[in-house]
Amino acid sequence: MSIAIKSVVSIHYTLTGEDGEELDASTDREPLVYLHGAGNIIKGLELALLDKNVGDQVQATIAPEDGYGEFISELVQHVPLSVFGDEDKPEVGMRFNAETPNGPLAVVVTAIDGDQAILNGNHPLAGKTITFDVKIEDIREATAEELTHGHPHSAGGCGHHH
Ligand code: ZN
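Count along the sequence shown from 1, then add 80; that gives the number in our numbering.
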C-alpha cells in the first residue's frame with residue numbers, strides 16, 4: 081500500500097538545517113510512527129510522503145510556512161528579573177511555560193540583559209528552511225481507535241492515558 085490519509089507510517093529520518101548541520105536523526109532510535117493526515121508531523125513532510133511506498137527514500141526541503149512557522153518577533157519578550165521569585169531565577173537555556181493572554185506558551189530563556197530576561201516563545205526551528213531525508217519503514221491502515229485519538233498506538237494498544 082502507499083501512504084494516504086489514515087495510514088500509520090513508520091519512518092527513519094535525518095533532519096538537517098540550512099547550513100547542512102544535522103539537527104536530529106532517528107537512526108539510533110525506534111522509527112518515528114505517525115498517523116498520516118492528522119497533523120502529527122509538519123505539513124511539508126506529510127505532503128512529501130503522500131503516495132510513497134515502503135522502502136522509498138524521500139528528500140524534502142521544507143520552507144518555514146510548511147514547517148515550524150515563521151519567526152514571530154512578538155513572541156520574544158523582555159521580562160524584568162524582578163517578576164521571578166528568588167527560588168526560580170532564570171538562566172540562559174532554561175525552559176518553562178509562561179502565562180500569556182492566549183494561554184500557556186513554552187518559552188526558552190535566550191539571554192539575561194541587565195535586569196531583564198529575554199524569553200523566546202518561537203519553536204527552535206521557526207523561520208528556518210529544513211531538509212528531511214526519510215526512509216519509509218512500514219505502512220499500515222489505522223485502527224478505528226487510532227483515528228478517534230488522532231495518533232498511532234503501539235502494538236500493545238493504547239499505551240497512554242487521555
Ligand atoms: Zn491514544
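Ideal Cβ placement from N, Cα and C applies to all residues, glycine included.
Should residue i go down as buried or exposed, given a rule of 16 or more other Cβ atoms within 10 Å for buried?
| i | result |
| --- | --- |
| G100 | exposed |
| I152 | exposed |
| H53 | The displayed coordinates of the chain run from 81 to 242. Any statement about residue 53 would go beyond what the structure contains. |
| G147 | buried |
| P184 | exposed |
| I85 | exposed |
| L161 | exposed |
| A105 | exposed |
Hey, would you say the C-beta of residue i is under 8 Å away from at least one heavy atom of ligand 1?
| i | result |
| --- | --- |
| H116 | no |
| E110 | no |
| H229 | yes |
| E226 | yes |
| H203 | no |
| H233 | yes |
Is residue i near residue j, with beta carbons less than 9 Å apart?
| i | j | result |
| --- | --- | --- |
| L205 | L103 | yes |
| V156 | G201 | yes |
| I83 | I192 | no |
| I219 | V138 | no |
| L127 | A140 | yes |
| I142 | I210 | yes |
| V187 | R175 | yes |
| H231 | I198 | no |
Name the DSSP bridge partner or partners of residue i?
| i | result |
| --- | --- |
| D193 | Q196 |
| I121 | None; I121 has no bridge partner. |
| P184 | E179 |
| P160 | Q196 |
| H92 | K215 |
| Y114 | V89 |
| E145 | Looking at the DSSP assignment, E145 forms no beta bridge with any residue, so it has no partner. |
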